[in-house]
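Engineer: Throughout the sequence shown, residue numbering follows our numbering, covering 84 to 299 in sequence.
Each residue gets a CB set at the ideal place from its N, CA and C atoms; glycine is no exception.
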Amino acid sequence: GFVETDAASGSHLFYYLVESADEPASDPLVWWFNGGPGASSFAGLFSENGPLLLNDAGVLVDNPYAWNARANVLYVEFAPGVGYSYCAASANGTATCAQSSGLCSPCPADDSSVASQNVKFLAGFLDLFPALKGRPLFLTGESYAGVYGPLLARAILDAFDDATVANLHGAWFTDPCIDNKEQFGWLDIGPSFLFSAGLIDARLYETLTSDACTLS
84 GFVETDAASG SHLFYYLVES ADEPASDPLV WWFNGGPGAS SFAGLFSENG PLLLNDAGVL
144 VDNPYAWNAR ANVLYVEFAP GVGYSYCAAS ANGTATCAQS SGLCSPCPAD DSSVASQNVK
204 FLAGFLDLFP ALKGRPLFLT GESYAGVYGP LLARAILDAF DDATVANLHG AWFTDPCIDN
264 KEQFGWLDIG PSFLFSAGLI DARLYETLTS DACTLS
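1. Looking at the strands, I want to know which residues DSSP matches up with Thr290.
2. Is the beta carbon of Leu222 closer than 7 Å to that of Trp150?
3. Helix, strand or coil for Pro219, going by three-state DSSP, please let me know.
4. Is it a yes or a no for the region 249-260 touching the region 284-293, going by three-plus beta-carbon pairs under 8 Å?
5. How big is the Cα-Cα spacing for Ala242 and Pro213?
6. Do Leu157 and Val144 have their beta-carbon atoms positioned less than 7 Å apart in this structure?
7. Taking the straight line between their C-alpha atoms, what separation do you get for Tyr98 and Pro120?
8. With respect to the beta strand (DSSP E) encompassing Leu282, which residues constitute its N-terminal and C-terminal limits?
9. Apply the 10 Å Cβ neighbour rule to Phe204 and answer buried if 16 or more other Cβ atoms are within range, or exposed otherwise.
10. Tell me which same chain residues have a C-beta within less than 8 Å of the C-beta of Ala238, skipping the five on either side of it?
11. DSSP state of Tyr231, grouped into three classes?
12. Count the other CB atoms within 10 Å of the CB of Glu87; is the residue buried (16 or more) or exposed (fewer)?
13. Rounded to the nearest angstrom, how far is the Cβ of Leu234 from that of Ser195, given a contact under 8 Å?
14. Just to confirm, is the Cβ distance from Val159 to Ser123 under 7 Å?
15. Can you tell me whether Gly93 is buried or exposed? The criterion is at least 16 other CB atoms within 10 Å of its CB, across all chains shown.
16. Anyone know if the C-beta pair for Asn103 and Asn155 falls short of 7 Å?
17. One question on the structure: do Pro219 and Pro147 come within less than 7 Å of each other, judged by their Cβ atoms?
18. Once the 5 residues before and after Leu282 are set aside, which same chain residues still bring their CB inside 7 Å of it?
19. Do you know how far the Cα of Cys170 is from the Cα of Leu96?
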């Protein structure tokens, strides 16, 4: 389904909720997100920890490692423009400037804006599923979730002072990306390959490989 996260821009985030196969009325809520930035969380749903997987024959089979064996698992496609999530303002050219970066876009998707959108999503989602209010909430994901996750955790703690609504219990992330420049110096290979293949010009190559560039 969809949850509106910003009426002015017509932003809506698409989600998929997998109910726990054990005790759905009492099991925790786990919010999974893939990295990117800009990767669909449905990659995790359909190829990693969801209840069903496609085998080599193209047949759906039960996933023995499905996370919904012990939790209600939430998958959200964010920011607007990823997957089925959308922002109507992108069609009419209305621009909003992100506070953190100063960049103007019909649908801001910088890290701070994404955290704000996800807090609004969570509020709307819990209104749709009031039985999940107050349930232990865990944030988890991989790759760029190392950036998304801590920012969202902080935003949730700031936005919800009532644990009977959003009850954040913890967060953990697999192979988290925290700072591309510091963690992954080998990413310089990317610009070198693109330049040697004639896919970027010298000016962009110098920008991407300069000390000022964070490779984000």
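Structural biologist: Answer, in terms of the structure:
1. On the sequence shown, residue 290 is found 207 positions in, with the first residue counted as 1. None; Thr290 has no bridge partner.
2. Along the sequence shown, one-based indexing puts residue 150 at 67. Along the sequence shown, one-based indexing puts residue 222 at 139. Cβ distance not < 7 Å, so Trp150 and Leu222 don't count as in contact.
3. Along the sequence shown, read from residue 1 onward, the residue named residue 219 stands at position 136. Of the three classes helix, strand and coil, the one that applies to Pro219 here is strand, per DSSP.
4. no
5. Here residue 242 is taken as the residue at index 159 of the sequence shown, counted from 1. Here residue 213 is taken as the residue at index 130 of the sequence shown, counted from 1. Distance between the alpha carbons of Ala242 and Pro213: 17 Å.
6. The count along the sequence shown starts at 1 and reaches residue 144 at position 61. The count along the sequence shown starts at 1 and reaches residue 157 at position 74. No, these two residues do not count as a Cβ contact at 7 Å.
7. Stepping through the sequence shown from its first residue, residue 98 is reached at position 15. Stepping through the sequence shown from its first residue, residue 120 is reached at position 37. Spanning the two alpha carbons is a distance of roughly 17 Å.
8. Counting from one through the sequence shown, the residue named residue 282 turns up at place 199. Counted as a single uninterrupted DSSP element, the stretch harbouring Leu282 is not any beta strand (DSSP E), since DSSP gives it neither H nor E.
9. As a first step, residue 204 is located in the sequence shown; it is residue number 121 there, counting from the start. Buried, since its Cβ has 16 or more Cβ neighbours within 10 Å.
10. By one-based count along the sequence shown, residue 238 stands at place 155. Around Ala238: Ala198, Ser199, Asn201 and Val202.
11. Taking the sequence shown and counting its residues from 1, one reaches residue 231 at position 148. Of the three classes helix, strand and coil, the one that applies to Tyr231 here is helix, per DSSP.
12. Residue 87 sits at position 4 when you count from the first residue of the sequence shown. It counts as exposed.
13. Looking up residue 234 in the sequence shown gives position 151. Looking up residue 195 in the sequence shown gives position 112. Sure, about 7 Å apart at Cβ, within 8 Å.
14. Locating residue 159 in the sequence shown gives position 76, where the first residue counts as 1. Locating residue 123 in the sequence shown gives position 40, where the first residue counts as 1. In this structure, Ser123 does not lie closer than 7 Å to Val159 by Cβ.
15. Counted from its first residue, the sequence shown places residue 93 at position 10. Buried: at least 16 other Cβ atoms inside 10 Å.
16. On the sequence shown, position 20 is the one that residue 103 refers to. On the sequence shown, position 72 is the one that residue 155 refers to. Strictly speaking, residue 103 in this sequence is Ser, with Asn absent from that position. Cβ atoms of Ser103 and Asn155: closer than 7 Å.
17. Here residue 219 corresponds to residue number 136 of the sequence shown, with the count starting at 1. Here residue 147 corresponds to residue number 64 of the sequence shown, with the count starting at 1. Not a contact, by the Cβ cut-off of 7 Å.
18. One-based indexing of the sequence shown puts residue 282 at position 199. No residues qualify anywhere along the chain.
19. As a position in the sequence shown, residue 96 is number 13, starting the count at 1. As a position in the sequence shown, residue 170 is number 87, starting the count at 1. C-alpha separation (whole angstroms): 9 Å.
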